[in-house]
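What follows is a single structure, written as structure tokens, with notes after it.
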Amino acid sequence: MNNKKIDRRDLLKAAAGSFIAWHSPAALSLTDIPANNLKPKLVWVILRGAMDSLHAILPLSDSGLMEHRKRLVTPVKDRAFDLGGGFALHPAFKELNRLYKKKQLIPVVATESGANSRSHFQAQDMLESGLPEVDTESGWLNRAVEVYRGASVAVAHTVPIGLRGKHLAKTWYPDLLRPASDDLFQRLKVLYKDDELLSERLDEGLENRQLLSGMEQVENKYKYNFSSLAASCAVMLADKDGPDCAMLEMTGWDTHQNQLGRLDRKFSQLDEGIAIIRENLAEQWDNTVVVVTTEFGRTVAENGTRGTDHGTASAMFITGGAVAGGKIEGRWPGLSMANLYQGRDLMPTSDTRQWIRAILSQHWKLNAAQLDYVFPTIKTMNSQLIRPVSKSTAAI
Amino acid sequence: MAAVKNNRAIIAVNRFGLGATGAEFSAAKHDPEQWLLQQLVSPVFDKTLGDTESAFNMIADIKVLKQQSRQKNMKLPDIGRTLIRPYRQRLIMDSLEQSVQTNIPFAVRLLDFFSNHFSVSVSTQTMTLLAPILEREAIAPNLFGSFADLLIAVEQHPAMLVYLNNEKSVGPNSKAGKRARGLNENLAREILELHTLGVDGGYSLDDIRQLAMAISGWSITDEGDTGHGGFKFRDNYHQPGARIILGKSYGDNGEAQGRAVLHDLARHRKTAEFISYKLVQHLIADQPPKQLVSAMVDTWVKTEGDIKAVVTTMIKHSQSWDSQSNKFKTPREFVVSAYRAVNHPEAVDQGLLNILMRGLNFMGHKPFASGSPAGYSQLNIAWSGSDALMKRIDWVSLLSQKTSETPKNVAARIFDSQLSPLTVKLLAGAESRAQGLAMLLLSPEFQRR
Chain A
92 MNNKKIDRRD LLKAAAGSFI AWHSPAALSL TDIPANNLKP KLVWVILRGA MDSLHAILPL
152 SDSGLMEHRK RLVTPVKDRA FDLGGGFALH PAFKELNRLY KKKQLIPVVA TESGANSRSH
212 FQAQDMLESG LPEVDTESGW LNRAVEVYRG ASVAVAHTVP IGLRGKHLAK TWYPDLLRPA
272 SDDLFQRLKV LYKDDELLSE RLDEGLENRQ LLSGMEQVEN KYKYNFSSLA ASCAVMLADK
332 DGPDCAMLEM TGWDTHQNQL GRLDRKFSQL DEGIAIIREN LAEQWDNTVV VVTTEFGRTV
392 AENGTRGTDH GTASAMFITG GAVAGGKIEG RWPGLSMANL YQGRDLMPTS DTRQWIRAIL
452 SQHWKLNAAQ LDYVFPTIKT MNSQLIRPVS KSTAAI
Chain B
282 MAAVKNNRAI IAVNRFGLGA TGAEFSAAKH DPEQWLLQQL VSPVFDKTLG DTESAFNMIA
342 DIKVLKQQSR QKNMKLPDIG RTLIRPYRQR LIMDSLEQSV QTNIPFAVRL LDFFSNHFSV
402 SVSTQTMTLL APILEREAIA PNLFGSFADL LIAVEQHPAM LVYLNNEKSV GPNSKAGKRA
462 RGLNENLARE ILELHTLGVD GGYSLDDIRQ LAMAISGWSI TDEGDTGHGG FKFRDNYHQP
522 GARIILGKSY GDNGEAQGRA VLHDLARHRK TAEFISYKLV QHLIADQPPK QLVSAMVDTW
582 VKTEGDIKAV VTTMIKHSQS WDSQSNKFKT PREFVVSAYR AVNHPEAVDQ GLLNILMRGL
642 NFMGHKPFAS GSPAGYSQLN IAWSGSDALM KRIDWVSLLS QKTSETPKNV AARIFDSQLS
702 PLTVKLLAGA ESRAQGLAML LLSPEFQRR
């Protein structure tokens, strides 16, 4: 892929409105910012639709893996990147593998988001809200940035629950009518199956769109793919008046059928997006933590349509130049039948929000009272996730 | 029985309304017929946002600007961008805002019908200013009176007079006619073909010419006129003499001659047939049920074109309540009902409203831009093409990400949760709230009414 680095001036011009009065009155004034502006940055990537963690971080030494999902594992296991400890990364994660080797990545296995539910909406709400009772008007990142007295941006049309609240979050999104997602089109095909007119028109429309995939359309589409949004996000974060944290969303993880090819593509896109964030953050990467989470996991066993259904525990990635990585975190519960949750899902052994709480404590130095405000009922995970003396502190 | 009644409420809010918003469905549920009939009152527009007078003043100002720039040999500022388009945009957005916020959605649907029936388009700078005013000044106030009043108000409105070139139409034997200018039949032709009798209404070429002469002199005011900004009868343009139209003779009594013809056209049986058919086609089905149309025609003839009575007959007729949804929403109906589905009626979200406007442009249903006095098509086939559907899908995908409403709430509010099992199943499996909402708005149930 070329054009990985995007022109900063163009983007800043496009987002000019958003940058004026970026900081709320309570936030730091410009004079408070160190000259080199190497402030700790936080990027939260939410994968909507429930990522199949067992396909992302393969527990190859667990014999249960091949028993439950041989057909999903066989095509990738020999090409997967060995992480040690019996785990391997899906072969599409080239950048993540490099980061792991550089000790800038922590895969955390068997995590949950606190929702006792296999409903996407409920689980996403729980993960984003971070409160014992979901409040769709208050997200954990909003509360965190409120007490941190920082600034934030959501790369989205509208503020997602995770950034809703008292703190005024900005949103940014390329301003064009983008084509709807392939996934939506696939679902509409099913929705229209009893409706002759609509199903015929949809087929024609999709065919035409294929034919018309000329340069202009490709370019437009490029503006909205994850890599491009990630690049924009990083450029905003790297700007001297830019925000302290950002929220990125990626959809299309609900792989009930034919997940091998789909996940190859999704993992590549996610991996490329992380690489692009690193490139565009440049020296800011050393002070950055990127947290990648999803609402729940998927069934351990393959279903009848070469996919997986809604499960329980999943996984998360913690990466960035500020991360004390190169290790796998989270207790592995095992895949033998007796160890599965309700006889079908990976058993959760920790809560995504416990890890995030530890990151907020170590990276943004939030104190106990502030952490309790962000996650009232969650305990801080006792683990070193951030390098003790980051380069930013050293530079100041 | 309860289910039947609910279905009538769903029909009332979707087929005859603009999709339920807020607590509208609960109101309709009680007595769907009555809920519709009590809405037969004129929508009211804010004159200060724009009226003929302010449009005419702007036209005069622009004339002065142009003169000055010529005299001083200076470059004319971009008046299209700075003056004209903002004026039009303000009125178009106001009308959209009315549609999404209204508590008389049925009246707004009827306003949209007649606004398209008496279609005027932006073309010249003058028409860009005048076109959005016609429905505000001439149509809305006469929406539920006699069709004759509505017809005369429209044909004498500057927007229509200028659009169909009647303001300069001069009778050959009039005082002004002795100079070179002559008769323009454009407005007369469209009155007969599009506004009243319909193309098969049994009129002749001579009837068109006779009507053009009867309304010659129907013009607009000059800058010097007191009360500048409106209709003006120019006696010196008017063709003298009696006219014979559809076999009836009309004596020459100046401006009143044309009005007398329009009065008769308004209550003519062919007009009753043409407009009743078209109204049913607009609201209920591309192939209107014959008995329903005939009941409306009877009322029209009996009441000499009382629109309220005709609409009441339609609502009280069983064929209006066919449980089958036969109409595919036009883009305007679609975007307005989508907005009403996802946003609370109390607070208008300007951001969403802008998305609505973009949707209309994108889907080829830009207000006052049909480019034809026949207006936009109201047939399903005009709006259900594959490209139109793709654009609808892209647009909904954008809209659904701009709101926080849940598919479940929306389904309850608009369809009383009575969706097809397939739709219910697929909504439950959506991977995000936004996707679920998009699928609901794109479901066959929502796209038809």
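These protein sequence lines map, in sequence, to chains A and B.
Position 208, counted from 1, in the first sequence is what my numbering calls 299; the numbers after and before it change by one each time, with no gaps.
Position 405, counted from 1, in the second sequence is what my numbering calls 686; the numbers after and before it change by one each time, with no gaps.
Cβ coordinates follow ideal geometry from the N, Cα and C atoms, glycine included.
query                                                                                                                      : result
Below-8 Å beta-carbon distance, H159 of chain A vs any chain B residue                                                     : no
Cβ of L723 of chain B within 8 Å of any chain A Cβ                                                                         : yes
Cβ contact (3+ pairs, closer than 8 Å) linking the segment 335-343 of chain A and the segment 386-395 of chain A           : no
Cβ of G652 of chain B within 8 Å of any chain A Cβ                                                                         : no
Backbone secondary structure at F514 of chain B - three-state DSSP                                                         : strand
Exposure of P479 of chain A, with buried meaning 16 or more beta-carbon neighbours within 10 Å                             : exposed
Contacting residues, own chain, Cβ-Cβ under 7 Å from T379 of chain A (five flanking each side not counted)                 : K132, V134, L372, G411, G412 and A413
Distance, V246 of chain A Cα to A494 of chain A Cα                                                                         : In the structure as shown, chain A starts at 92 and stops at 487, and residue 494 of chain A therefore has no counterpart that could be examined.
Euclidean distance between Cα positions of K608 of chain B and T584 of chain B                                             : 29 Å
Three-state class that DSSP yields for M441 of chain B in the structure shown                                              : helix
For L196 of chain A, the three-state DSSP class (helix, strand or coil)                                                    : strand
C-beta contact flag for V403 of chain B and F649 of chain B at 8 Å                                                         : yes
Residue burial classification, M428 of chain A (beta-carbon count within 10 angstroms, cutoff 16)                          : exposed
Under 8 Å between C-beta atoms of L708 of chain B and L721 of chain B                                                      : yes
G205 of chain A to M217 of chain A span [Cα, whole Å]                                                                      : 7 Å
Distance CB(Q360 of chain A)-CB(N430 of chain A) smaller than 8 Å                                                          : no
Per DSSP, the bridge partner or partners of A337 of chain A                                                                : A:V134 and A:V244
Inter-stretch contact at 8 Å, needing at least 3 Cβ pairs: the segment 576-593 of chain B / the segment 678-697 of chain B : no
Contact set for G298 of chain B: own chain, Cβ-Cβ below 6 Å, skip 5 residues either direction                              : P386 and F387
Neighbour flag for G364 of chain A against chain B, beta carbons, 8 Å                                                      : no
Candidates A:I367, A:S152 and A:V164: closest to G425 of chain A by CA position                                            : A:S152
Pair within 8 Å by beta-carbon distance, I229 of chain B and N423 of chain B                                               : For chain B, the structure presents residues 282 to 730; residue 229 of chain B sits outside this window and is missing.
Whole-number beta carbon distance between S681 of chain B and A719 of chain B, since they are thought to touch under 8 Å   : 4 Å
Coil, strand or helix - E488 of chain A by DSSP                                                                            : The displayed coordinates of chain A run from 92 to 487. Any statement about residue 488 of chain A would go beyond what the structure contains.
Cβ-based contacts, 8 Å cut-off: residues of the segment 674-693 of chain B near chain A                                    : I674, D675, W676, V677, S678, L679, Q682, K683, T684, S685 and T687
Residue burial classification, G532 of chain B (beta-carbon count within 10 angstroms, cutoff 16)                          : exposed
Where the alpha helix (DSSP H) containing M327 of chain A begins and where it ends                                         : F317 to A329
L445 of chain B beta carbon less than 8 Å from that of E418 of chain B                                                     : no
Paired residues, beta bridge with Y531 of chain B - DSSP                                                                   : B:R524
Through-space distance from L476 of chain A to L457 of chain A, alpha-carbon basis                                         : 15 Å
is_contact[A663 of chain B, chain A] using C-beta, thresh 8 Å                                                              : no
Own chain, CB closer than 6 Å to E536 of chain B, minus 5 neighbours either side, in chain order                           : F514
Short CB-CB distance (under 8 Å) between T704 of chain B and chain A                                                       : yes
Exposed unless 16 or more other CB atoms sit within 10 angstroms - verdict on D516 of chain B                              : exposed
Minimum Cβ-Cβ distance from H258 of chain A to chain B less than 8 Å                                                       : no
CB contact check: H146 of chain A to chain B, cutoff 8 Å                                                                   : no
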